[in-house]
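Structure, as structure tokens:
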Amino acid sequence: MAGSALRRLMAEYKQLTLNPPEGIIAGPINEENFFEWEALITGPEGTCFEGGVFPAKLVFPADYPLSPPKMQFTCEMFHPNIYSDGRVCISILHAPGDDPMGYESSAERWSPVQSVEKILLSVVSMLAEPNDESGANVDAAKMWREHRDEFNRIAEKIVRRTLGIPT
Amino acid sequence: MPVVPLERLPLPNLKVYSFVSVVALSACIYYAAQIIKEPNWNYPTEFDKKDSGNAAGARNTTDADGRTVGQFVSDVFTVMIREPVCVWTMINMAFCWFILLGRAVQKLVFGDLRVSEQQQLRDKFWNFVFYKFIFVFGIINVQYIDEVLLWCSWFSLLGFLHLLSQLSKDRFEYLSFSPRTPFWSHVKLMALLAAIFALSGFMFVVSIFVGFFGGLNTFFFMFYEVLLLAIRTLHVIIRYAFHLYDIRNESTTPATSEESRTLDKRGPVSYYFELGFDLTALIIDLIHHLHMLLWSNIFLSMASLVICMQLRFLFHEIQRKYKKHRNYLWVRNHLEQNYPMATKTELQENSDNCAICWENMDAARKLPCGHLFHNTCLLSWLEQDTSCPTCRMTLNIQNPSVTSLEPPELQADPQENTRRPFNHFFHFDGSRYVSWLPSFSVEVSHVQAIRQNHMAATNSQLDAMARQVQTLFPHIPLSTIIEDLRVTRSVELTVENVLDGRLVAPPMFRDLNLDEPTGRHTLSLLSTEPEPSSRNWDEFNTDSVETEDTVTLGSRFSKSSTEREKILHKRKEHMIQQARKRYIEKQKAAATAVRCELQS
Numbered sequence: 001m002a003g004s005a006l007r008r009l010m011a012e013y014k015q016l017t018l019n020p021p022e023g024i025i026a027g028p029i030n031e032e033n034f035f036e037w038e039a040l041i042t043g044p045e046g047t048c049f050e051g052g053v054f055p056a057k058l059v060f061p062a063d064y065p066l067s068p069p070k071m072q073f074t075c076e077m078f079h080p081n082i083y084s085d086g087r088v089c090i091s092i093l094h095a096p097g098d099d100p101m102g103y104e105s106s107a108e109r110w111s112p113v114q115s116v117e118k119i120l121l122s123v124v125s126m127l128a129e130p131n132d133e134s135g136a137n138v139d140a141a142k143m144w145r146e147h148r149d150e151f152n153r154i155a156e157k158i159v160r161r162t163l164g165i166p167t
Numbered sequence: 001m002p003v004v005p006l007e008r009l010p011l012p013n014l015k016v017y018s019f020v021s022v023v024a025l026s027a028c029i030y031y032a033a034q035i036i037k038e039p040n041w042n043y044p045t046e047f048d049k050k051d052s053g054n055a056a057g058a059r060n061t062t063d064a065d066g067r068t069v070g071q072f073v074s075d076v077f078t079v080m081i082r083e084p085v086c087v088w089t090m091i092n093m094a095f096c097w098f099i100l101l102g103r104a105v106q107k108l109v110f111g112d113l114r115v116s117e118q119q120q121l122r123d124k125f126w127n128f129v130f131y132k133f134i135f136v137f138g139i140i141n142v143q144y145i146d147e148v149l150l151w152c153s154w155f156s157l158l159g160f161l162h163l164l165s166q167l168s169k170d171r172f173e174y175l176s177f178s179p180r181t182p183f184w185s186h187v188k189l190m191a192l193l194a195a196i197f198a199l200s201g202f203m204f205v206v207s208i209f210v211g212f213f214g215g216l217n218t219f220f221f222m223f224y225e226v227l228l229l230a231i232r233t234l235h236v237i238i239r240y241a242f243h244l245y246d247i248r249n250e251s252t253t254p255a256t257s258e259e260s261r262t263l264d265k266r267g268p269v270s271y272y273f274e275l276g277f278d279l280t281a282l283i284i285d286l287i288h289h290l291h292m293l294l295w296s297n298i299f300l301s302m303a304s305l306v307i308c309m310q311l312r313f314l315f316h317e318i319q320r321k322y323k324k325h326r327n328y329l330w331v332r333n334h335l336e337q338n339y340p341m342a343t344k345t346e347l348q349e350n351s352d353n354c355a356i357c358w359e360n361m362d363a364a365r366k367l368p369c370g371h372l373f374h375n376t377c378l379l380s381w382l383e384q385d386t387s388c389p390t391c392r393m394t395l396n397i398q399n400p401s402v403t404s405l406e407p408p409e410l411q412a413d414p415q416e417n418t419r420r421p422f423n424h425f426f427h428f429d430g431s432r433y434v435s436w437l438p439s440f441s442v443e444v445s446h447v448q449a450i451r452q453n454h455m456a457a458t459n460s461q462l463d464a465m466a467r468q469v470q471t472l473f474p475h476i477p478l479s480t481i482i483e484d485l486r487v488t489r490s491v492e493l494t495v496e497n498v499l500d501g502r503l504v505a506p507p508m509f510r511d512l513n514l515d516e517p518t519g520r521h522t523l524s525l526l527s528t529e530p531e532p533s534s535r536n537w538d539e540f541n542t543d544s545v546e547t548e549d550t551v552t553l554g555s556r557f558s559k560s561s562t563e564r565e566k567i568l569h570k571r572k573e574h575m576i577q578q579a580r581k582r583y584i585e586k587q588k589a590a591a592t593a594v595r596c597e598l599q600s
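Same order as they appear, the protein sequences are chains A and B.
Going by UniProt numbering, the first sequence opens with residue 1, and the numbers climb by one from there.
Going by UniProt numbering, the second sequence opens with residue 1, and the numbers climb by one from there.
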């Protein structure tokens with residue numbers, strides 16, 4: 001099982017290295033375990049997360065790509081679709097069988113034709129446009145809806161922290 | 001509350017233990033040597049207690065003087081056998097050797113154990129001890145101390161091999177996650193597995209020998225265990241062989257048409273092989289437990305309850321495998337009957353690789369929506385979902401039989417089995433009393449489900465405990481709690497640690513919580529700070545960005561993994577520095593703009 005997953009991950013790694021999408025870097029932290037990656041995502045321009053570089057951890061299952069990886073930001077995040085421990089809640093990361101929120105159609109869910117690149121790109125667009133209907137972080141969703149300027153200020157602080165600039 | 005003074009009672013470490021054992025043994029030998037110096041020592045004396053039955057009858061030559069070395073040794077041995085204290089010391093020494101041997105094997109083959117492996121080993125060990133305790137005292141119902149000793153030594157050897165084989169399996173799975181395992185670690189692991197397999201052959205001989213004296217039932221009890229060990233080990237060996245074969249193929253012929261064809265052919269073979277081994281092991285275990293239940297009249301006892309729970313679990317497991325297999329067969333038939341193999345021209349038109357494995361296709365199945373995939377890739381996907389991976393077209397719309405033949409619970413099966421709740425039948429929380437006592441539980445659950453999740457490095461019990469703690473302290477991340485629970489092994493102690501401030505959230509969480517201990521970090525982020533415009537941005541220097549090899553970084557995929565790691569690391573650093581520079585420059589520009597506006 002793990003053999004084909006390993007080959008596929010290697011192919012994806014190669015592709016991501018040779019043609020990296022703008023503002024995204026991803027790869028295994030230590031190649032002794034090829035199933036655990038770190039990704040850096042640049043905050044999309046024109047949004048409150050602009051300029052930040054957000055590190056995240058991707059953990060792949062042994063039967064990848066049949067099951068989706070898990071993704072968790074390792075920096076502090078404040079976003080409607082990110083749990084307070086950093087886990088990312090987007091439909092592309094949910095296996096077709098399960099539906100924790102009970103609202104997604106299976107067309108948005110994981111399928112083996114998805115890839116690390118597509119996941120990271122969807123995360124970028126999630127950063128730009130939070131989906132405040134699925135509340136992974138209810139406080140953030142509420143603030144996003146009602147006090148946008150405060151939300152922006154928090155985002156600004158997070159951006160600075162990820163860059164190592166004192167707030 | 002746990003008993004406080006015992007709380008930090010240290011478990012003696014291996015060095016101390018082996019030292020004490022050696023000292024005790026030498027004391028006994030010295031004692032024995034003193035005794036045999038006296039003439040007439042071998043006449044029936046007060047030493048002759050119940051242990052004498054083993055050895056005393058064998059010899060009665062007494063020559064105090066002029067003994068050869070061999071005689072001396074055997075005399076010492078005779079004395080020691082007769083003396084209960086010495087017997088226990090010898091048994092202790094044997095155990096000590098055993099542990100040392102285990103340590104040596106671990107050092108030689110595995111090196112340092114990973115956290116998850118240690119965890120798994122500990123859980124397995126205590127479960128094994130528990131079940132064998134039930135077996136010896138609840139089912140066999142041994143009466144004499146010699147019998148207990150024999151069973152104990154049998155089970156310690158067996159358990160040792162079981163644990164080693166389990167450990168090798170875990171390690172093999174871990175190694176298969178890496179593209180660059182050194183050749184030697186494969187050789188070592190394979191050698192260990194082969195040795196375990198050979199030893200299980202030896203154990204088989206022993207069981208026949210014992211069965212010759214002890215009767216058919218005893219033979220079968222021992223035989224099942226050996227068989228299980230052998231089958232599990234063989235399973236790992238063959239899987240390993242497949243894996244090594246794959247790796248070798250890959251390095252010599254990188255994904256040629258030849259290889260993908262063998263892969264395609266081997267799909268069902270390896271499937272049936274896995275299924276066969278799993279089912280055989282489960283059925284043997286089932287028979288073993290049934291035998292235990294029926295043979296000994298232990299109905300209406302605690303032991304029978306434990307056995308029944310185990311039987312129930314095994315039965316469910318077999319049933320699940322069977323259902324899954326039926327699903328597999330059905331999907332495969334459906335695939336073969338309804339979706340034709342793509343023709344040559346179709347393959348040529350479609351120049352893409354298989355979207356599932358990203359490898360070249362020279363034989364493919366075509367779905368009604370026109371998408372092509374490898375046969376095996378498609379099969380393994382359709383087992384868990386019934387739509388086209390690319391366009392999500394539901395495939396059972398065209399074939400209404402899918403829904404009727406495939407009950408809905410089967411489609412969700414792969415997810416279900418990793419997430420099934422773990423019901424604990426019995427739970428002993430030793431660390432409440434003494435810190436090193438084990439906490440173990442008789443889990444009537446799927447042990448393999450935990451293993452599937454080996455990267456998470458947790459087991460169900462730990463996870464459940466961690467969640468319990470987290471409900472109390474939501475601001476502490478789960479991983480931190482689990483780390484602490486590994487040490488304390490008890491919810492109460494971890495909670496105490498949190499309350500006493502011994503367990504703190506990692507820095508990124510902590511600095512948010514400084515002014516707001518309830519963990520609502522939004523509030524601390526809200527606290528007013530100096531406006532960015534008032535900050536003196538000039539004090540940040542942005543020149544530190546190195547630009548030498550930025551050009552080469554992007555467009556290279558090195559063959560060596562260490563170089564790849566290095567390049568990746570550099571690229572990341574470069575990206576952060578660039579972002580930092582851009583950010584500061586932008587802020588500077590904004591600040592000067594504000595200043596200009598103020599001046600004008």
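Don't be surprised by glycine CBs; every beta carbon is placed ideally from N, CA and C.
When 7 angstroms is used as the limit between beta carbons, Trp-381 of chain B is near these residues of chain A: Leu-66, Pro-112, in chain order. Counting the other CB atoms within 10 Å of its CB gives Ser-26 of chain B a total below 16, which places it among the exposed residues. Under the criterion of beta carbons closer than 8 angstroms, Phe-125 of chain B and Leu-163 of chain B qualify as touching, at roughly 6 angstroms. Here the stretch 119–126 of chain A lies against the stretch 81–98 of chain A, with 3 or more beta-carbon pairs under 8 angstroms apart. Here the stretch 213–221 of chain B does not lie against the stretch 277–284 of chain B, with fewer than 3 beta-carbon pairs under 8 angstroms apart.
Residue burial is scored here from C-beta neighbours: Ile-154 of chain A has at least 16 other C-beta atoms within 10 angstroms and is therefore classed as buried. Of the other Cβ atoms in all chains shown, 16 or more fall within 10 Å of the Cβ of Ala-26 of chain A; this residue is therefore buried. A Cβ-Cβ separation of about 16 angstroms leaves Leu-121 of chain B out of contact with Leu-229 of chain B under the 8 angstroms criterion.
With its beta carbon at least 8 angstroms from every one in chain A, Tyr-30 of chain B lies outside the interface. Near chain A, meaning a CB-to-CB distance below 8 angstroms, the residues of the UniProt domain "RING-type" (354–392) of chain B are Ala-355, Ile-356, Cys-357, Trp-358, Glu-359, Cys-377, Ser-380, Trp-381, Gln-384, Asp-385, Ser-387, Pro-389, Thr-390, Arg-392. Using a CB distance below 8 angstroms, the part of the stretch 569–590 of chain B facing chain A consists of Arg-571, Lys-572, Met-575, Ile-576, Ala-579, Arg-580, Arg-582, Tyr-583, Ile-584, Lys-586, ordered along the chain. With a 10 Å radius around the Cβ and a threshold of 16 neighbouring Cβ atoms, Lys-37 of chain B comes out exposed. For the 8 angstroms CB-CB criterion, Thr-386 of chain B and Leu-378 of chain B do not form a contact. For the set A:Val-159, A:Glu-133, A:Ile-165, A:Ile-29, the Cα lying nearest the Cα of Glu-565 of chain B is the one of A:Ile-29.
Taking C-alpha positions only, Val-109 of chain B is separated from Arg-580 of chain B by approximately 46 angstroms. Selection A:Leu-58, A:Pro-21, A:Leu-40 evaluated against Leu-9 of chain A yields A:Leu-58 as nearest (Cα-Cα). A contact is defined here as three or more CB-CB pairs under 8 angstroms, and the stretch 41–60 of chain A meets this definition with respect to the stretch 71–89 of chain A. The alpha-carbon separation between Pro-166 of chain A and Ile-584 of chain B amounts to approximately 12 angstroms. Closer than 8 angstroms to the CB of Leu-485 of chain B there is not a single CB belonging to chain A. Contact check for Phe-49 of chain A and Val-159 of chain A: beta-carbon distance about 6 angstroms, within the 8 angstroms limit, so the pair qualifies. Between Arg-232 of chain B and Ser-165 of chain B, the C-beta gap is smaller than 8 angstroms, which places the two residues in contact.
The Cβ-Cβ distance between Leu-478 of chain B and Ala-466 of chain B falls below 8 angstroms. Under the Cβ distance rule, Gly-46 of chain A does not count among the residues neighbouring chain B, no pair being separated by less than 8 angstroms. The way I'd put it, the stretch 13–30 of chain B does touch the stretch 87–96 of chain B; three or more beta-carbon pairs between them come closer than 8 angstroms. Taking 8 angstroms as the cut-off, the beta carbon of Cys-357 of chain B is found no closer than this to the beta carbon of Ala-364 of chain B. Cα atoms of Lys-157 of chain A and Tyr-83 of chain A: separation of roughly 18 angstroms, rounded to the nearest angstrom.
Of all residues in the stretch 463–479 of chain B, only Pro-477, Leu-478 come within less than 7 angstroms of chain A when Cβ atoms are compared, listed by chain position.
Distance from the CA atom of Thr-343 of chain B to the CA atom of His-334 of chain B, rounded to whole angstroms, is 19 angstroms. In this structure, the straight-line span from the alpha carbon of Ser-178 of chain B to that of His-374 of chain B is close to 24 angstroms. Comparing alpha-carbon positions, the option among B:Glu-346, B:Leu-462, B:Trp-154 lying closest to Phe-223 of chain B turns out to be B:Trp-154. Contact annotation: Thr-47 of chain A and Gly-23 of chain A have beta-carbon atoms that are not nearer than 8 angstroms.
Take the alpha-carbon of Arg-326 of chain B and the one of Gln-319 of chain B: they are about 11 angstroms apart.
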